[in-house]
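Student:
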Amino acid sequence: GQQVMQIPQYQHVQEGEDFTTYCNSSTTLSNIQWYKQRPGGHPVFLIQLVKSGEVKKQKRLTFQFGEAKKNSSLHITATQTTDVGTYFCAGQIAGANSKLTFGKGITLSVRP
Amino acid sequence: NAGVMQNPRHLVRRRGQEARLRCSPMKGHSHVYWYRQLPEEGLKFMVYLQKENIIDESGMPKERFSAEFPKEGPSILRIQQVVRGDSAAYFCASSPLSGETQYFGPGTRLLVL
Chain A
133 GQQVMQIPQY
143 QHVQEGEDFT
153 TYCNSSTTLS
163 NIQWYKQRPG
173 GHPVFLIQLV
183 KSGEVKKQKR
193 LTFQFGEAKK
203 NSSLHITATQ
213 TTDVGTYFCA
223 GQIAGANSKL
233 TFGKGITLSV
243 RP
Chain B
5 NAGVMQNPRH
15 LVRRRGQEAR
25 LRCSPMKGHS
35 HVYWYRQLPE
45 EGLKFMVYLQ
55 KENIIDESGM
65 PKERFSAEFP
75 KEGPSILRIQ
85 QVVRGDSAAY
95 FCASSPLSGE
105 TQYFGPGTRL
115 LVL
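Just so you know, the protein sequences line up as chains A and B, in that order.
Note that the working numbering has the first sequence beginning at 133, numbered continuously upward.
Note that the working numbering has the second sequence beginning at 5, numbered continuously upward.
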């Protein structure tokens, strides 16, 4: 079945450092979505990427969809303590009624 | 516009009891998804429903678990004869159409004693 992988599962950075994480799919995706979950909270939608090579920015966050539509990256510039949480990518393959497959997420901690 | 609502937020059950988790999707959303999240784990897809139909239940355990989304009222995830391994956070999400952004509810934290 379809697999979405996020490695590593944890990353610790010093406040102010940049942070990049990657998401890889075993199959070509129609779109990829990123969610953030704060400790004790629920996943909150961040962004959706649809086109090959697409890049989208949200303030200090930059999201990219790979040319082959099988991987994606999230880059955070100058991390802040408010960036703490678990970032999930979720991929969807083409087809009606296709579900999202979530990666295990990467939990980011930021040292002040 | 109220978000996705789930209740109860916390549920404690003893082994062998039944757990009933409710999810009211966002207004205008007819697609509902249930996920299970174990501590330190990602989100595991369980079931995808539209009104009165189960579209994909490939992530649902074959026994003890069932889900429904009736024409009127919330979606229900039902776990019969709970065991300790069922302890987890259960999240419901909804979307207006298949493949669109999913909006998550606050989750139900189930603890089985």
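Built from N, CA and C at the ideal position, the CB exists for glycine as well.
What three-state label does DSSP hand R88(B) in the structure shown?
Tutor: Residue numbering aside, residue 88(B) sits at position 84 when the second sequence is read from its first letter. Reduced to three states, the DSSP call for R88(B) is helix.
Student: Give me whichever residues DSSP pairs with F73(B) in a beta bridge.
Tutor: Residue numbering aside, residue 73(B) sits at position 69 when the second sequence is read from its first letter. BP columns for F73(B) are empty, so no partner.
Student: Helix or strand or just coil, what does DSSP make of T105(B)?
Tutor: Position 101 of the second sequence, counted from the first residue, corresponds to residue 105(B). In the structure shown, T105(B) sits in coil (DSSP, three-state: anything other than H, G, I, E or B).
Student: Suppose you measure from the CA of T171(A) to the CA of T218(A); what does that come to, to the nearest Å?
Tutor: Numbered from its first residue, the first sequence carries residue 171(A) at position 39. Numbered from its first residue, the first sequence carries residue 218(A) at position 86. Looking at the sequence itself, residue 171(A) is Pro, so the reference to Thr does not match. Spanning the two alpha carbons is a distance of roughly 8 angstroms.
Student: Check distances from the C-beta atoms of the stretch 201-221 of chain A to those of chain B and list, in chain order, the residues that come in under 7 angstroms.
Tutor: Hits within the stretch, in order: F220.
Student: My guess is that V51(B) and C27(B) are in contact by the Cβ rule of under 8 angstroms, so how many angstroms apart are they, rounded?
Tutor: What you label residue 51(B) is simply residue 47 of the second sequence in a count that begins at 1. What you label residue 27(B) is simply residue 23 of the second sequence in a count that begins at 1. Not quite, the Cβ-Cβ distance comes to about 11 angstroms (not below 8 angstroms), so this is no contact.
Student: With a floor of 3 residues, list each beta strand (DSSP E) that falls wholly inside the stretch 9-51 of chain B, ordered by position along the chain.
Tutor: Fully enclosed beta strand (DSSP E) runs of 3 or longer: 9-11, 14-17, 23-28 and 35-41.
Student: Just the Cα atoms here: how many angstroms apart are K183(A) and V116(B)?
Tutor: Indexing the first sequence from 1 puts residue 183(A) at position 51. Indexing the second sequence from 1 puts residue 116(B) at position 112. Approximately 44 angstroms, taken between the alpha carbons.
Student: Residue ranges of each alpha helix (DSSP H) run of no fewer than 4 residues wholly in the stretch 145-217 of chain A, ordered along the chain?
Tutor: Segments of the alpha helix (DSSP H) lying fully in the stretch 145-217 of chain A: there are none.
Student: Quick check on the burial criterion: 16 or more other C-beta atoms within 10 angstroms. Buried or exposed for Y37(B)?
Tutor: Sequence index remark: in the second sequence, residue 37(B) carries index 33 (1-based). It is buried - the Cβ of Y37(B) has at least 16 other Cβ atoms within 10 Å.
Student: According to a CB-to-CB cut-off of less than 7 angstroms, which residues of the stretch 38-67 of chain B neighbour chain A?
Tutor: Of all residues in the stretch 38-67 of chain B, E45, G46, L47, F49, Y52, I59 and D60 have a Cβ within less than 7 angstroms of some Cβ in chain A.
Student: Alpha carbon to alpha carbon, what distance is there between I139(A) and Q146(A)?
Tutor: Locating residue 146(A) in the first sequence gives position 14, counting from the first residue. Locating residue 139(A) in the first sequence gives position 7, counting from the first residue. Their Cα atoms are separated by approximately 19 angstroms.
Student: Are the C-beta atoms of T153(A) and some chain B residue less than 8 angstroms apart?
Tutor: Sequence index remark: in the first sequence, residue 153(A) carries index 21 (1-based). No - not a single Cβ of chain B is within 8 angstroms of the one on T153(A).
Student: Give every residue of the same chain whose Cβ lies closer than 6 angstroms to the Cβ of Q196(A), excluding the five residues on either side of it in the sequence, and list them in chain order.
Tutor: Your numbering for residue 196(A) matches position 64 in the first sequence. The answer, listed in chain order, is V187 and S205.
Student: According to DSSP, is M64(B) part of a helix, a strand, or is it coil?
Tutor: Stepping through the second sequence from its first residue, residue 64(B) is reached at position 60. The answer is coil: DSSP assigns M64(B) none of H, G, I, E or B.
Student: Under a CB-based cut-off of 8 angstroms, is Q134(A) close to chain B?
Tutor: Residue numbering aside, residue 134(A) sits at position 2 when the first sequence is read from its first letter. For Q134(A), the answer is no, since every Cβ of chain B falls outside 8 angstroms of its Cβ.
Student: Using the Cβ count rule (16 or more neighbours within 10 Å means buried), how would you classify T152(A)?
Tutor: Stepping through the first sequence from its first residue, residue 152(A) is reached at position 20. Classification for T152(A): exposed.
Student: Could you have a look at L240(A) and say whether DSSP puts it in helix, strand or coil?
Tutor: Here residue 240(A) refers to the residue found at position 108 when the first sequence is read from its first residue. Three-state DSSP puts L240(A) in a strand.
Student: Please list the partners that P12(B) has in chain A, where partner means a Cβ-to-Cβ separation under 8 angstroms.
Tutor: Taking the second sequence and counting its residues from 1, the one referred to as residue 12(B) is at position 8. The contacting residues do not exist; P12(B) stays about 15 angstroms from chain A at best.
Student: Per DSSP, which residues does G223(A) bridge with? Please list them.
Tutor: For this step, residue 223(A) is matched to residue 91 along the first sequence. In the DSSP output, where bridge partners are listed per residue, G223(A) has I164(A) and T233(A).
Student: Would you mind giving the Cβ-Cβ distance between I238(A) and Q141(A), rounded to the nearest angstrom? I have them listed as a contact below 8 angstroms.
Tutor: Working through the first sequence from its first residue, we reach residue 238(A) at position 106. Working through the first sequence from its first residue, we reach residue 141(A) at position 9. Their Cβ separation, rounded to whole angstroms, is 6 angstroms, which keeps I238(A) and Q141(A) in contact under 8 angstroms.
Student: Which class does Q122(B) belong to by DSSP, given the choice of helix, strand or coil?
Tutor: The structure shown does not extend to residue 122(B), since chain B spans only 5 to 117, so no value can be given for it.
Student: Could you pull the DSSP bridge partners for I80(B) from this structure?
Tutor: Indexing the second sequence from 1 puts residue 80(B) at position 76. R26(B) and E72(B).
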